[in-house]
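Per this note's numbering, residue 6 is the first one in the sequence shown, and the count goes up by one each step. Quick notes on the structure that follows.
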Amino acid sequence: MILVLLGAPGAGKGTQAEALAAATGAAHVATGDLFRAEIAAGSELGRTAKSYIDAGTLVPDEVTIGMIGARLAKPDAKHRVILDGFPRTKAQAAALDAAFAPTGRRISAILLNVDVAILTARLTGRRICSGCGRPYHVEHRPPAVADRCDACGSALITRSDDAPATVAARLEHQLAALADVVQVYRASGRLKVVEGVGEIAAIQSQLVAAAAAVGFAS
Ligand code: AMP
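Structural data, given as structure tokens:
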């Protein structure tokens, strides 16, 4: 089964998907992380993606769909997968359905719902680990030791696309696309909504319950 975790930039998809993957043993596949790994590796795909990511816009569908297709073909993605950050357009959602409908693999979506006013503060306060990519927040999820990752000890950094000007562009470009994707899953009866504001652990409990309700459990 594939569980699609939907949410605006800053909704907490990465944090919640990581915890849900740990709780259920599912693979956590995040297109943003895949792009950042390609950029770090200096690949051609990474160079293509970087210009869009730095501008706060979406990487073109054909590039993104090709990359996620290759990732989902790997052995650890054969059973249960949490998709974080994909699909982000109607065309991506259609490609996902087309790829998996013939296999009978179910695809359900959960929207982490967060008010737009809260998203900007969350994004500009976000930090990520330069080593393992784990997300933090200066107020809501600080590390135990200042500027160091709890998991691997590497330095925490601000993502280049979390700079205030890029955050504004990302929200402007990506909220309309998110609404389209939400509608695809709502119209086909495959959407659940979890409110994404409050304590991280409380949101995780609701997410676990919503995931279990669609048959995605450990
Ligand atoms: P994220 O880490 O999910 O916030 O993604 C960081 C950036 O990667 C986004 O702002 C987009 O530029 C790009 N990106 C991630 N996922 C996708 C996707 N499914 N389609 C297009 N662009 C994406």
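Built from N, CA and C at the ideal position, the CB exists for glycine as well. All values reported here derive from a predicted model rather than from experimental measurement.
Item                                                                                                                         : Value
DSSP state of A35 mapped onto helix, strand, coil                                                                            : strand
For R131, the first and last residue of its enclosing alpha helix (DSSP H)                                                   : No alpha helix (DSSP H) holds R131; the beta strand (DSSP E) holding it covers R131 to C134.
I58 Cβ short of 7 angstroms to the ligand AMP heavy atom set                                                                 : yes
Same chain, Cβ closer than 6 angstroms to V34, neighbours up to 5 away in sequence not counted                               : R76, V86 and L88
Proximity test, R195 beta-carbon vs the ligand AMP heavy atom, cut-off 7 angstroms                                           : no
Secondary structure of L63, DSSP reduced to three states                                                                     : coil
Spatially closest choice to G74 from G201, T62, F105 and V121, by CA coordinates                                             : F105
Neighbourhood of A16 by C-beta distance below 6 angstroms, restricted to the same chain and skipping five residues each side : L117, V119 and G201
Completely contained beta strand (DSSP E) runs for the stretch 132–166, where each covers 3 or more residues                 : 140–142
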